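Just add 8 to wherever you are in the sequence shown, counting from 1, and you've got my numbering. Yeah, the Cβ is synthetic: ideal placement off N, Cα and C, and Gly gets one too. On a predicted model such as this, the values are computed, not experimentally measured, just so you know. This report concerns only the one structure given below.
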Amino acid sequence: MHKIKSTVSAVYYFFLILLTASETGAMAQGFSKSVHFVTEKYKELPLGAIKPKGWLLHQLQIMRDGSTGHLDEVYEKVKNDNGWLGGKGDSWEETPYWLDGAVPLAYLLNDPGLKEKVLRYINWTLDNQRPSGYFGAITKWERDTGKKITADSCLKGDDWWPKMIMLKVLKQYYTATTDKRVIPFMANYFKYQLKTLKACPINKWSEWAESRGADNILVVQWLYGITKDPSLLTLAALIQEQSLPWSRYFYSRDWVINAAARQNNIAWMTRHGVNVAMAVKDPIIQYQRTGDQKYLKTAKTGFNDLMTLHGLPYGMFSADEDLHGNDPTQGTELCAIVESMFSLEQMIGITGDLQYMDALERMTFNALPAQTTDDYNNKQYFQIANQVHIKRGVFNFSLPFEREMNNVLGMRSGYTCCLANMHQGWTKFTTHLWYGTPDKGLAALHYSPNQVTAKVGAANTKVVINESTSYPFDDVINFDLTTNKAVHFPFRLRIPFWCKEATVMVNGKLLRTEKGGQIITINRKWENGDRLTLQLPMEIKTSNWGRNSRAVERGPLVYALKLDEVWEKGNHKVEGDYYSVYPKQDWNYGLIDSMIKHPATAMQVKTVKPVSENFIWNLANAPLEIKALGRKIPDWKIVNDVAPQPVTARDGLFMGETNDEVETITLVPYGCTKVRIVAFPVVR
Ligand SMILES: [Zn+2]
9 MHKIKSTVSA VYYFFLILLT ASETGAMAQG FSKSVHFVTE KYKELPLGAI KPKGWLLHQL
69 QIMRDGSTGH LDEVYEKVKN DNGWLGGKGD SWEETPYWLD GAVPLAYLLN DPGLKEKVLR
129 YINWTLDNQR PSGYFGAITK WERDTGKKIT ADSCLKGDDW WPKMIMLKVL KQYYTATTDK
189 RVIPFMANYF KYQLKTLKAC PINKWSEWAE SRGADNILVV QWLYGITKDP SLLTLAALIQ
249 EQSLPWSRYF YSRDWVINAA ARQNNIAWMT RHGVNVAMAV KDPIIQYQRT GDQKYLKTAK
309 TGFNDLMTLH GLPYGMFSAD EDLHGNDPTQ GTELCAIVES MFSLEQMIGI TGDLQYMDAL
369 ERMTFNALPA QTTDDYNNKQ YFQIANQVHI KRGVFNFSLP FEREMNNVLG MRSGYTCCLA
429 NMHQGWTKFT THLWYGTPDK GLAALHYSPN QVTAKVGAAN TKVVINESTS YPFDDVINFD
489 LTTNKAVHFP FRLRIPFWCK EATVMVNGKL LRTEKGGQII TINRKWENGD RLTLQLPMEI
549 KTSNWGRNSR AVERGPLVYA LKLDEVWEKG NHKVEGDYYS VYPKQDWNYG LIDSMIKHPA
609 TAMQVKTVKP VSENFIWNLA NAPLEIKALG RKIPDWKIVN DVAPQPVTAR DGLFMGETND
669 EVETITLVPY GCTKVRIVAF PVVR
C-alpha cells in the first residue's frame, strides 16, 4: 500500500474511496445515499430542564444514595487507578457506562457532591485530548514511548467503542452546562475519526464497536445540528458503512428469523440482545441524515418483528444473552432494557412516532424496576418473564456460565456490564418526559411526576409546569402552569393507544374528549395559574404471548401473580454477596377462561396503598391489585430451574388436569415483583 504524504491528498483520496464505498453500500441495501438532513419532530430539552418529583424523585434519590452515586467507591474496576483519570485501570466501557447515568443524575438532582465526582472524569477526558483529536485513556504505546497518538499512529490507539459512550456522556454534560470545551473537543475528535477510519476501521479493535456504530453516528449528527459542518455527515456515512448493516438486516428480515430458529455461535453478534437493543435506532439515525422514508418503514418492520418473534409481556424482547424467542421461560439482560429505552428516546425525538412512546413506557414501568433491588445496589443479569424463583442454577439461557449461571440479585453476579450500565435507565427516562416542538411549544410525551422549565411562544417566555400525578398507577395527570405573563404556545399531549377515550380539562372545565393513539395539541393563551388536566381511563385487558399464554394488563402496566417472597443471602467467592428469592406460595395457576373473554368486567382493580413520596417498586408498596379467578395445574412444575409452559390447544385452553377448586388470585404490577407468573395458561 502506497504511503500518502500530504494531508490534503490523503483526505482527497479518502473521499474518492468513500463515495465509491457508500454508493455500493447504499445500493445493496436499497436505501438512498442522498443527504437530506431531517429536523427532529420533537427536540430534547437540555439536561436539568426537567426535575423529577414524587415517586420518580424518590427513585433517583435511592440511586444517588446507592450504586449510582457511589459506584466509584465500591466497585474495584472503577475505583482503582481508573484509566479515565489517567491511570492504568479500567479504560474500556464500564466507567463511561456509569457516567452515562451518573452525569444525568447529578444534574437532575442538582447534587453538588455527585457533580464534583463526575466532573473529575469529564475534566480529565477534556483536558487530555491529544492534539490530533484522539482521546481516552493513555495507551500502552503512549506510556512506553512518551509519544501521543496522531492520525498517522492511529494503529497505536485503542477501541472506538468506549469512546462512543463517552461522547454520549459529554453530549448530556454539554446540554446541562454549555461548557465551551465540549464542542471543539468533539469537532477535533470527529476530524481525527474522519482522517483515520480508513487505516483504523471501526472494527479494528472490537466487534462491539462494529455492532454499535449508530451510537457514534448519533453524536456526530447531533454536532452537525449545532455546527452544520458538512464533513460530519461524510463521517456519519463512513461509520455506517463500516458498521454492521442493521438497516439491511431489519429490512430483509433474515436476521430476526435466523435468531428465532438458530441458537448457535454463527454471527451471534447480530443476535446479541444488547447489540440489537442499540441497533433498533439504527434506521432512524440513518433516516435523520438521508431523509429516506424507507428507513422509517425499516425501523418499524425491525421493531415489530423483534416483538412478534422474541417479545415478552413486560415490554421487552428476550435477550438472555441472545435473542431467544418468546417462550415465557426466557429473559432479558438489564443492559438490553436500558439500551432499548435510550434507542426509543432517540427514535421518538426524530420521528414523533407514538408506537415508540407507548413501547418506552411499557418497558420503563414493567421491565426496568423488576430487575434491581430496593436500594439499587443489586441487579439480576437476566430477568425471566415467568420467574418462579431467583437462584443459582442452569436455566434456559444462551450463555451458560461455567460456574453455573449466577443469575441472582447481586452487585457482581453475572457479567458486571449491567452494574455499570443500569444507571442510564431512570435518569434518561426523566430527561425525556418532555420534548420541545419546532413551533415553540412543549410536548408531554411520557408521564410521571416532574416539573419542567422552558421558554415557549414567539417571545421565548419562561414557563414552569408542575406535573403532579401518581401515573402509571393513577389515570389523572395535572399540569399547573406558572408564568410571569400570559403566553400563547402549543401544548402537546400523548394519548396512548391503550386509552379508548381521554378527557382534557382546563381549569376544571371539560375542553374536549380525544381518541387514543394520537398526539393532541392545545393551542391557546396560557395564563399564570392555569391547570390542564388529562385523564387517561385504563381498562383491564388481556394480551396473547408465547406458547399461547395470556397476560393481564391495564394502561401502561402489566400485572403478575402476587407471591410473597423469601429472600436468602448467599456469597460466591468470585462474585461476592447476593440474594436468592423464593415464593412463599404455590405459583402454578391458570387463569379461568371467563377472565380472558370479558377481562374488563370479570376482573376488578383496587387501590390498596397510596403512592407516597417514599414509593419503592416492590411488593410492600404495590399500589394496585387485580383480583381474578384461577385454578391450579398440579403438574405444572419446575424443570431445569424454569417453569415450562403447559401445552394448550389452539383456543388457548390447557386440556390437562386442574384442581377442582376455583381460587381468587391476586395480581400486582409486574414492576413490583421479583418472583411471579405473568404469562398465564388458560383453564376452564
Ligand atoms: Zn449487561
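task = Would you mind reading off the limits of the beta strand (DSSP E) that contains residue 160?
result = Per DSSP, residue 160 belongs to no beta strand (DSSP E) and is neither H nor E.
message = Measuring CB atoms only, is the segment 366-376 touching the segment 427-440, in the sense that at least three cross pairs come out at less than 8 Å?
response = yes
CB of residue 601 within 9 Å of CB of residue 675, strictly = no
task = Enumerate in chain order the residues of its own chain whose CB-to-CB distance from residue 237 is below 8 Å, with the five nearest sequence positions on each side excluded.
result = 195 and 231
ask   = Taking the runs of the beta strand (DSSP E) that are 3 residues or longer, which of them lie wholly in the segment 598-674?
value = 612-615 and 632-640
query = So, is residue 104 buried or exposed, given that buried needs 16 or more other C-beta atoms within 10 angstroms?
reply = buried
query = Cβ atoms of residue 590 and residue 418: under 9 Å apart, would you say?
reply = no
key: Inter-stretch contact at 8 Å, needing at least 3 Cβ pairs: the segment 237-252 / the segment 300-320   = no
query = Using the C-alpha atoms, what's the distance from residue 625 back to residue 684?
reply = 15 Å
query = Does any heavy atom of ligand 1 sit closer than 8 Å to the C-beta of residue 252?
reply = no
query = Based on Cα-Cα distance, which residue from 396, 353 and 482 lies nearest to residue 453?
reply = 353
ask   = Which class does residue 539 belong to by DSSP, given the choice of helix, strand or coil?
value = strand
ask   = If you compare alpha carbons, which of 280, 299 and 530 is closest to residue 406?
value = 280
message = Once the 5 residues before and after residue 182 are set aside, which same chain residues still bring their CB inside 8 Å of it?
response = 190 and 191
key: Cα-Cα separation, residue 215 to residue 43   = 28 Å
Any non-hydrogen atom of ligand 1 closer than 8 Å to residue 4 Cβ = As shown, the chain starts at 9 and ends at 692. That puts residue 4 outside it, with no answer to give.
task = Decide if residue 113 is buried, meaning its Cβ has at least 16 other Cβ atoms within 10 Å, or exposed.
result = buried
Pick from 420, 493 and 617 that is closest to residue 579, judged by C-alpha positions = 420
ask   = So residue 322 packs on residue 686, CB below 8 Å; how close in whole Å?
value = 7 Å
query = Quick one: what's residue 569 bridged to in DSSP?
reply = 675
message = Is it buried or exposed, residue 153, if we count other Cβ atoms within 10 angstroms and call 16 or more buried?
response = exposed
query = If we count Cβ pairs, one from each stretch, closer than 8 Å, do we get three or more for the segment 135-144 versus the segment 455-472?
reply = no
key: Any alpha helix (DSSP H) of 4 or more consecutive residues that is wholly inside the segment 219-263   = 221-235, 239-250 and 254-260
request  = Would you list, in sequence order, the uninterrupted beta strand (DSSP E) runs of no fewer than 3 residues that lie entirely inside the segment 256-302?
outcome  = none
query = Which whole-angstrom value describes the C-beta separation of residue 555 and residue 527, a residue pair presumed to lie in contact below a C-beta threshold of 8 Å?
reply = So it is not a contact: roughly 36 Å between Cβ atoms.
message = For residue 290, which residues in the same chain have their Cβ closer than 6 Å to its Cβ, ignoring the five residues on either side in sequence?
response = 222, 254 and 255
ask   = Is any heavy atom in ligand 1 found nearer than 8 Å to the beta carbon of residue 586?
value = no
ask   = Where do the ends of the beta strand (DSSP E) carrying residue 448 lie?
value = From DSSP, residue 448 is part of no beta strand (DSSP E); its letter is neither H nor E.
request  = Check whether the Cβ atoms of residue 382 and residue 70 lie closer than 9 Å to each other.
outcome  = yes
message = DSSP three-state label for residue 520, please.
response = strand
query = Should residue 144 and residue 160 be called a contact, given that it needs their Cβ atoms to be closer than 9 Å?
reply = no
ask   = Of all the alpha helix (DSSP H) runs that stay within the bounds of the segment 316-393, which reach a length of 4 or more residues?
value = 342-359 and 362-370
query = With respect to 8 Å, is the separation between the Cβ of residue 314 and the closest non-hydrogen atom of ligand 1 below this value?
reply = no
Pick from 267, 567, 621 and 396 that is closest to residue 645, judged by C-alpha positions = 396
task = Determine the DSSP secondary structure at residue 145, reduced to helix, strand or coil.
result = coil
query = Taking just the CA atoms, how far does residue 65 sit from residue 268?
reply = 39 Å
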